[in-house]
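Novice: In the numbering used here, the protein residues as written are 38 to 96.
Encoded as structure tokens, here's the structure I'll be asking about.
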């Protein structure tokens with residue numbers, strides 16, 4: 038993972054595009070949220086992104 042990379046967050050059975058990495062600390066990432074899509078757009082948006090679980094997002 039690196040700064041400016043797109044992050045996609047898994048949430049239940051659907052996936053959501055979450056945003057851009059703005060910071061990192063250990064395995065956690067700080068994300069600037071800019072998108073919130075349902076599963077139908079996930080392939081295009083997340084193809085070059087990074088998948089993270091919600092527990093990895095820093096508040």
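Beta carbons: idealized from backbone N, C-alpha and C, even for Gly.
Our contact map puts residue 58 next to residue 44 with C-beta atoms below 8 Å; I'd like the distance itself, whole angstroms only.
Specialist: About 6 Å separates the two Cβ atoms, so the contact holds.
Novice: So for residue 70, helix, strand or coil by DSSP?
Specialist: Strand at residue 70.
Novice: If you compare alpha carbons, which of 68, 95, 96 is closest to residue 86?
Specialist: Checked all of 68, 95, 96; the closest Cα to residue 86 is 68.
Novice: Looking only at C-alpha atoms, which of 88, 64, 62, 63 sits nearest to residue 37?
Specialist: Nothing can be reported for residue 37: it is not among the residues displayed for the chain, which extend from 38 to 96.
Novice: What are the residues that DSSP puts in a beta bridge with residue 59?
Specialist: The partner list for residue 59 (beta bridge, DSSP) is empty, contrary to what the question assumes.
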